[in-house]
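Undergrad: Let me begin by handing over the structure; questions about it come next.
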Amino acid sequence: MSESVSGSEQEHWSGKAAFILAAVGSAVGLGNLVRFPSVAGSAGGGAFVLVYFLCVVLIALPVLIAELFIGRRGGGSAVSAVARLAKAEGNSSMWSLFCWIGMIASFMIVTFYSVLAGWVLDFVVLSFSDLMSNISANGIGAISNGAFAGMDDEEITGQLGALLESPVKMIVMLAIFNVITVFIVSRGVKGGIETAAKVMMPAFFALLLVLTVFSIINGDAGSALSFLFKPDMGKFMATLSDGSILLQAVGQAFFSLSLGSAMMITYGLYMGRDQDLPGSARIVAVADTSVALIAGLAIFPIVFAAGLNPDGGLTLLFSTFPLALHQIPFGGVLAIAIFLMTLFAALTSAIALLEVAVAFADGDLNLTREQRKRRRLVWSVLLGILMFVIGVGHVLSQVPTSVQDNFFNTWTPLDFIPMFEGKTLLDTFDKLSGDVLLPLGGFLTAIFAGWVMSSSSAREEIRFNSERTFRIWRFLVRWVCPLFVGLVLIYAVIVAPLRAQMEARGSDAKQTIEEMAAPKD
Ligand code: TRP
86 MSESVSGSEQ
96 EHWSGKAAFI
106 LAAVGSAVGL
116 GNLVRFPSVA
126 GSAGGGAFVL
136 VYFLCVVLIA
146 LPVLIAELFI
156 GRRGGGSAVS
166 AVARLAKAEG
176 NSSMWSLFCW
186 IGMIASFMIV
196 TFYSVLAGWV
206 LDFVVLSFSD
216 LMSNISANGI
226 GAISNGAFAG
236 MDDEEITGQL
246 GALLESPVKM
256 IVMLAIFNVI
266 TVFIVSRGVK
276 GGIETAAKVM
286 MPAFFALLLV
296 LTVFSIINGD
306 AGSALSFLFK
316 PDMGKFMATL
326 SDGSILLQAV
336 GQAFFSLSLG
346 SAMMITYGLY
356 MGRDQDLPGS
366 ARIVAVADTS
376 VALIAGLAIF
386 PIVFAAGLNP
396 DGGLTLLFST
406 FPLALHQIPF
416 GGVLAIAIFL
426 MTLFAALTSA
436 IALLEVAVAF
446 ADGDLNLTRE
456 QRKRRRLVWS
466 VLLGILMFVI
476 GVGHVLSQVP
486 TSVQDNFFNT
496 WTPLDFIPMF
506 EGKTLLDTFD
516 KLSGDVLLPL
526 GGFLTAIFAG
536 WVMSSSSARE
546 EIRFNSERTF
556 RIWRFLVRWV
566 CPLFVGLVLI
576 YAVIVAPLRA
586 QMEARGSDAK
596 QTIEEMAAPK
606 D
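Residue numbers (the working numbering): 86 to 606.
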C-alpha cells in the first residue's frame, strides 16, 4: 500500500543532503541561539545540559523518527497521510486530528516567530549601517573598531527598547521577513525550500564557526564553559524538586527539534524511500544539539570577558551582546555576522513552519503538477497575509503602554484561563503553542506511531539496521515518550497554574497579615 500512495505528482527532495539541510534548517533557529543558552544558564548549567541530552536521545529522537516515518509512509499532506495510514491499519481517520493540532501550533508559532525575526533583521540593518558610517568617517581602518562605535553604553543597550517604542519600524521589518518567507515557500519544495536551505545553512555554519573560534580565543572561555557545563547543584535541585527542569528540558527539546507540530511529518512526506531514515534523523538531532551548545560557546566568552551578566534570552542577544561587542576589536564586523547568522537560522525555520499549512493546501494527490503549483502560490499568499495581520497584533502588543495605548498592549485574550492570565496576544500564543499544543501533538504522535501503526509497517518503513534497535525505538515510542510528554502536559496545564494561584494567594494572605500588623496612621 505504501508504494502507491505517495502519488507520482508528490514533490520530493532532490537527495539525502537536501533533506538533511532543510530539516536541520528547520530545527536550528531562535530556539538554539536565544532560548537554549538562557534556559541552560538559569536551570543549573551542566546538570540541565545532561537532562537535556537524555531528553533528546530518549524522547525527542524517537518522536523525530516516528514523525518522518508517518510522513514518508503516508504521503500527500500530514493530515491526509495520517488519515490514510489509520484507515489502512483498520482505525479511524479521526486520528488525523493531531495533525490539525500540529498545523495550528506551527501557524501560531510562525506569527510571533516572524516578529522576533523582524527584530533580528532590524539589528542586521543597524549593525551594518553603523559599520558603514564608521568606515566612511574614519577610513577602512575603522573595520577593527568595536560594534556601535559612535554610541555610549546606554544608547547601545537602549536599542531594543527604542525598537519596541517604534511599532512602524517593527511592522516594516515584519513585512519584509514575511514576504521573503512566503516567496520561498510559494516556490515549492525543490525550487524554494531546498534551494534556500542549500544557500543559507552552509553560510550559517561558516559564520558560527568563525564566531566561535574568535570568541574562544579572544573571550573568557573558562567562565563560559563553567557557566554552561559546570553543574550548579543548587539551582538544579531547586528546578528538579518542583519538576520544572523536566518540563523545560522536554519543552526545549521539542521546540528545538520542531516536534509535535506535524512539521517533521511534513518534511518526511518529501523523503525518498531509498533514504536511510534513522540515520538522517540522528544527523538532524546531533546537528541541532551541537548548534545549541556551540552557540553558547560563541556568545558567552565575549559576554563574560566584558564583565557582563548573561541574563535573559532576548536581552542577551539584543543588548548584552551588542554591549560586549562594543568593547572588542572587530566587534562591528562580528555584530553583523551574528545577527545575519541568526536571521538565516530564523528564516529557514519560519519557512518550515509555514510549509506545514501550505502543504495541507496543496497535498491532495489527485492534482496535476500545474494545479498543485497554482494552489501552492495562492495558499502561500493567503496564509502569508493572515500571518502578517496576526503578526501586527503581536507587534502592537509589545509596544509599552507609556508610549501608546493601542488595545493590543492591554488585551489579554485568554485571561479567564489561569495559565494564560495576564498574558498578551504574543505571550498567549507562545504559551499555548509551546506548553500545550506541541506536547499534546507529540503525545498523540507517539501514541499513533507506537500503538496504532502496526509493528510490521513500522519495521518495513523505518528499516533500522538491527531488530534490537527497532525494539528499543518501539519501546521508547510506546511507553517512555507518551509517559514523559504526558507528564509535561499535565504539569503545564494543571500543576503550574495551580501552584501559581496558590503562591499568589499565599502572598495575598501574607500582605493582609502584614497590613493588619502594621500600625494604622
Ligand atoms: N526549531 C526551531 C527553533 O529552534 C523553531 C521551529 C521550526 C519550530 N519549526 C517548528 C518549533 C515547529 C516548533 C515546531 O527555533
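For glycine and all other residues, C-beta sits at the position ideal for the given N, C-alpha and C.
For the ligand TRP, is there a heavy atom less than 7 Å away from the beta-carbon of residue 543?
TA: no
Undergrad: Would you mind listing the alpha helix (DSSP H) stretches within the segment 518-547 that are 4+ residues and don't spill past its ends, in chain order?
TA: Correct list: 523-532, 540-547.
Undergrad: Taking buried to mean at least 16 other C-beta atoms within 10 Å of its own C-beta, is residue 595 buried or exposed?
TA: exposed
Undergrad: When DSSP labels each residue in this structure, what does residue 386 get in the three-state scheme?
TA: helix
Undergrad: On the three-state DSSP scale, how would you describe residue 116?
TA: helix
Undergrad: Could you work out which residue in 437, 589, 379, 498 is closest to residue 119 when comparing CA atoms only?
TA: 379
Undergrad: Would you call residue 279 buried or exposed, if buried means 16 or more other Cβ atoms sit within 10 Å of its Cβ?
TA: buried
Undergrad: With a threshold of 7 Å on Cβ separation, who are the neighbours of residue 491 within its own chain once the five nearest residues in sequence on each side are excluded?
TA: 481, 484
Undergrad: Going by beta carbon distance, what residues of the same chain come within less than 6 Å of residue 104, once the five residues before and after it are set aside?
TA: 98, 356
Undergrad: With a 10 Å radius around its C-beta and 16 neighbouring C-beta atoms as the bar for buried, classify residue 287 as buried or exposed.
TA: It counts as exposed.
Undergrad: Alpha helix (DSSP H) containing residue 549: first to last residue?
TA: Judged by DSSP secondary structure, residue 549 falls outside any alpha helix (DSSP H); it is assigned neither H nor E.
Undergrad: Looking at residue 437 and the ligand SAH, is the gap between the Cβ and the nearest heavy atom below 7 Å?
TA: This structure lacks the ligand SAH; the ligands present are the ligand TRP.
Undergrad: Counting only runs of 4+ residues fully inside the segment 419-506, write out the alpha helix (DSSP H) ranges in chain order.
TA: Listed in chain order, they are 454-483.
Undergrad: Any idea if residue 471 is buried or exposed, counting beta-carbon neighbours within 10 angstroms, 16 or more meaning buried?
TA: exposed
Undergrad: Based on the DSSP output, what are the partners of residue 316 in its beta bridges?
TA: 130
Undergrad: So is the beta-carbon of residue 402 under 7 Å away from any non-hydrogen atom of the ligand TRP?
TA: no
Undergrad: Looking at the structure shown, is residue 574 part of a helix, part of a strand, or coil, going by DSSP?
TA: The three-state reading of DSSP puts residue 574 in helix, counting H, G and I together.
Undergrad: Nearest to residue 479 by alpha carbon, out of 229, 495, 448, 230?
TA: 495
Undergrad: Measure the C-alpha to C-alpha separation of residue 90 and residue 537 and round it to an integer number of angstroms.
TA: Because residue 90 carries a pLDDT of 45, less than 50, the predicted location of this residue cannot be relied on, and the following value inherits that uncertainty. Taking the straight line joining both Cα atoms gives about 19 Å.
Undergrad: Run the proximity test for residue 116: is its beta-carbon closer than 7 Å to any non-hydrogen atom belonging to the ligand TRP?
TA: yes
Undergrad: In whole angstroms, what is the alpha-carbon distance linking residue 178 and residue 351?
TA: Going by the C-alpha atoms only, they are around 18 Å apart.
Undergrad: Whose CA, out of 151, 555, 136, 403, lies closest to the CA of residue 317?
TA: 136
Undergrad: Is it buried or exposed for residue 598, if we count other Cβ within 10 angstroms and need 16 for buried?
TA: exposed
Undergrad: Buried or exposed: residue 191, going by 16 or more other Cβ atoms within 10 Å of its Cβ?
TA: buried
Undergrad: By Cβ distance, which residues of its chain are closer than 7 Å to residue 102, with the 5 residues on each side in sequence left out?
TA: none
Undergrad: Since residue 608 contacts residue 332 with CB under 8 Å, what's their CB separation in whole angstroms?
TA: Summary: the structure shown does not reach residue 608, with the chain confined to residues 86 through 606, and so no result is reported for it.
Undergrad: With a threshold of 6 Å on Cβ separation, who are the neighbours of residue 241 within its own chain once the five nearest residues in sequence on each side are excluded?
TA: These residues qualify, in order along the chain: 233, 407, 408, 411.
Undergrad: Span of the alpha helix (DSSP H) holding residue 607?
TA: Shown here, the chain extends from 86 to 606; a query on residue 607 therefore has no answer.
Undergrad: How many angstroms separate the CA atom of residue 209 from the CA atom of residue 172?
TA: 49 Å
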